[in-house]
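Asks:
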């Protein structure tokens, strides 16, 4: 499994208390996600859901954020992997005197009265005798709430308002508990094991479990993940990377609603020390077509349906307009504010909420209608209400496509006429027309949709193509480039094998590329600082190459990209080309979606 | 007071309640759709779910009208104003215990706060006071239920 394990190595030193972003693996239960560093520390966990406030927030403030540390008390080397087909993490520490493995899981199922949320860490002695130290330092409410530590039935408990966590341990010492933290040591020999479980509650009493119950839930959780991943319907050359991406994506699915978060973290910087720090714990309409495409392409029809139902339900309140993003509970309000935290390696501000929610991004209409088209043409039924709304949305696109917008990259400078936005408006009207021809949505206004689509195409072809660059450009009458234009190939704007698309793909590689890496755009975006290469754009380039007939180039690039994930196969939003350091939020759903989409596209093109 | 008044009031009240909620949907005030929530408990076909849900909602409306009637008989008083108070209590009960807590537990396609991976819900849970379905939802729901209660109370007191 190329990305499921990594050679043992000494953990990279923390910089002022911060581990490299690349060092984090994610575990979760479909509601919450914990980020585990290579040195065994859990530095990020929001409870009860991934968009709730943090209880462990050292990722964004090493001093006061709170964490759950567990590592050998002597120098060690470390190797990690996910158990195959699961989101259960194994971290193996090779220390002086022995080898010990820590198995981390957020439990999802199993016997007994289960806690509201449960994080379990099993320490397994593999060889020799190893001593570990552990410390749980909960800091509720992004470390802004007052956390109190006390005891219930002798079990250490941390509370803040209606939220609480209990820490139970077996075969482990808990002598280092004090007013601020719960901790102790673990000594294991080969064949022995210890267990530390964190039981969390919100607005209800804590649940205390027996060791057998926690162990059984850990085992059941592993089996549940294995069953889910075994159901996939894909076995291409990058199968391991695809299934790891699917599992990473599944971590971002909010099981209670079907929404898919863009990432599990907030404010991991695109520019270390800079202000490009955003909260991605929302569901972006931008990602919808890739999400449904990935689920359908891999054979997860139930997940695709749940997501589509959620998307149509969430967007009902703002119809026919779309918000750029919605909360995981379907709400449209995502007010942005900053927290008084130090930020990852002093990258401030730390933001929660996202002001992009209120932007106009015309591309979202294309993505939603493409999503509906994918859903309907794969045999799923669209009911009369949704059909009517989709037709109303197409009417709305006819009215607003001439407006400037913030574009897919959510620039915070003045709205402009972004070429990619116009192309996606064309996609919206084209897909609406096709759905109408199939009798799936009302066709009363189909002639108007066709006329407006032609007008949009005329605008793009006459104003948004540079004869100098031989490429479509970022906005009319400019020479700036934008990698999101590649989405035109992916969503069938024009003939993918046309000269114009060949020129655009070449221009993107030439001017935005750097080896396998691709930057998003040239030109300004209204935010200070620079950023790394955008991993999603690299995968879009693979797909564009494949769909334009350059399959061997696509395969070559894809081979390079699947090696760029971290030691457990996760991708962040961006990467620093010179060092390979991860930047931005992790795991980034769109990076993994683009990887899946590229792999499926190459397989499809080869099969054709 | 007459049981026929309760049945007539239940029918009229449910008609008004359903129409008010549907109108609120169209006005983008709420995403709450009670017939849809009820119908999807029995089928995942969205169109059939809505049709079935309307029938079920009317039956539930009649059942609640009979409960109102039983309480009126027990306390020896009825009237539109008393019905309005019952409607307010009924709306609060619906938004807190009935739809927020009980419905997700018995609804096979609705998520709860405990739904975990790899399962995935087809319907998002309503949340406290059904706030997940929009910030205006509690007001819309309470107004509609007060209207329902007023009609049921009025019909029962008028029928002899």
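Residue numbers (the working numbering), protein chains in the order written: chain X, 107 to 714; chain G, 7 to 166. Glycine included, each C-beta is placed from N, C-alpha and C at the ideal position. Since we're looking at a predicted model, the values are computed, not measured.
Note down, in chain order, every chain G residue with its Cβ under 8 Å from the Cβ of residue 479(X).
Replies: Within 8 Å Cβ-Cβ: nothing; residue 479(X) doesn't reach chain G, min ~18 Å.
Asks: Note down the Cα distance separating residue 170(X) from residue 148(X), rounded to an integer number of angstroms.
Replies: 14 Å
Asks: CB-CB under 7 Å to residue 251(X), same chain, minus the five flanking residues each way: which ones, in chain order?
Replies: 266, 267
Asks: Buried or exposed for residue 180(X), please, with buried defined as at least 16 other CB atoms from any protein chain shown within 10 angstroms of its CB.
Replies: The residue is exposed, with fewer than 16 neighbouring Cβ atoms inside 10 Å.
Asks: Whose C-beta lies closer than 8 Å to the C-beta of residue 613(X) among residues of the same chain, with five residues either side of it excluded?
Replies: 575, 576, 577, 587
Asks: Does the contact criterion of 3 or more C-beta pairs under 8 Å hold for the segment 295-312 of chain X versus the segment 206-224 of chain X?
Replies: yes
Asks: I'd like the span of the alpha helix (DSSP H) that includes residue 234(X), first residue to last.
Replies: Unbroken run through residue 234(X) is the beta strand (DSSP E), 223-243; no alpha helix (DSSP H).
Asks: Identify the contact partners of residue 424(X) in chain G, using a Cβ-Cβ distance below 8 Å as the criterion.
Replies: 34
Asks: Would you give the residue range spanned by the beta strand (DSSP E) that residue 149(X) belongs to?
Replies: 148-152
Asks: Tell me whether residue 429(X) sits in a helix, a strand or coil according to DSSP, three-state version.
Replies: coil
Asks: What are the boundary residues of the alpha helix (DSSP H) that includes residue 388(X)?
Replies: No alpha helix (DSSP H) holds residue 388(X); DSSP gives it neither H nor E.
Asks: Taking all protein chains shown into account, do 16 or more other C-beta atoms lie within 10 angstroms of the C-beta of residue 152(G), making it buried, or fewer, making it exposed?
Replies: Answer is buried; the Cβ neighbour count reaches 16.
Asks: Quick check: is the beta carbon of residue 485(X) nearer than 8 Å to any beta carbon in chain G?
Replies: no
Asks: Taking residue 419(X) as the query, report the chain G residues whose CB atoms sit under 7 Å from its CB, ordered along the chain.
Replies: 37, 130, listed in chain order.
Asks: With 8 Å as the C-beta to C-beta threshold (strictly closer), list the residues of the segment 112-125 of chain G near chain X in chain order.
Replies: 117, 118, 119, 120, 121, 122, 123, 124, 125
Asks: Within 8 Å of any Cβ in chain X, is that where the Cβ of residue 127(G) sits?
Replies: yes
Asks: In or out: residue 244(X) buried (at least 16 other Cβ within 10 Å) or exposed?
Replies: buried
Asks: At the 8 Å Cβ level, is residue 408(X) part of the contact set with chain G, yes or no?
Replies: yes
Asks: Select from 383(X), 695(X), 160(X), 478(X) the residue whose C-alpha is nearest the C-alpha of residue 542(X).
Replies: 478(X)
Asks: Hey, quick one: how far does the alpha helix (DSSP H) through residue 326(X) stretch, first residue to last?
Replies: 317-336
Asks: Is it the case that the segment 687-695 of chain X contacts the segment 326-338 of chain X, given that we only count it when at least three CB pairs across the two stretches are under 8 Å?
Replies: Touching, no.
Asks: Please compile the residues from chain G whose C-beta is within a distance smaller than 8 Å of the C-beta of residue 490(X).
Replies: 53
Asks: Less than 8 Å between C-beta atoms, sequence neighbours within five positions excluded: which residues of the same chain meet that for residue 663(X)?
Replies: Same-chain partners within the cutoff: 622, 644, 647, 648, 651.
Asks: Name the chain X residues that come within less than 7 Å of residue 133(G), Cβ to Cβ?
Replies: 435
Asks: Just to confirm the assignment, what range does the alpha helix (DSSP H) spanning residue 653(X) have?
Replies: For residue 653(X), the uninterrupted alpha helix (DSSP H) segment begins and ends at 641-653.
Asks: Under a three-way DSSP split, which group does residue 173(X) fall into?
Replies: strand
Asks: If you measure from the beta carbon of residue 359(X) to each beta carbon in chain G, is any gap under 8 Å?
Replies: yes
Asks: Does the CB of residue 140(G) have a neighbour CB from chain X at under 8 Å?
Replies: Contacts with chain X at 8 Å (Cβ-Cβ) include residue 140(G).
Asks: Which two residues bound the contiguous beta strand (DSSP E) that contains residue 305(X)?
Replies: 299-308
Asks: The alpha helix (DSSP H) with residue 275(X) in it runs from where to where?
Replies: Unbroken run through residue 275(X) is the beta strand (DSSP E), 269-276; no alpha helix (DSSP H).
Asks: Between the segment 377-395 of chain X and the segment 442-457 of chain X, do at least 3 Cβ pairs fall closer than 8 Å?
Replies: yes
Asks: Could you tell me which chain G residues have their CB closer than 9 Å to the CB of residue 363(X), listed as they occur along the chain?
Replies: 117, 121, 126, 127, 129, 130, 131, 138, listed in chain order.
Asks: If you follow the beta strand (DSSP E) that residue 185(X) is part of, which residue opens it and which one closes it?
Replies: 182-188
Asks: Which residues of chain G have a Cβ atom closer than 9 Å to the Cβ of residue 137(X), listed in chain order?
Replies: Proximity of chain G to residue 137(X) at the Cβ level (cut-off 9 Å) is accounted for by 119, 120, 121, 122, 123, in chain order.
Asks: Please compile the residues from chain G whose C-beta is within a distance smaller than 9 Å of the C-beta of residue 528(X).
Replies: Under the 9 Å cutoff, chain G gives no residues; its nearest Cβ is about 27 Å from residue 528(X).
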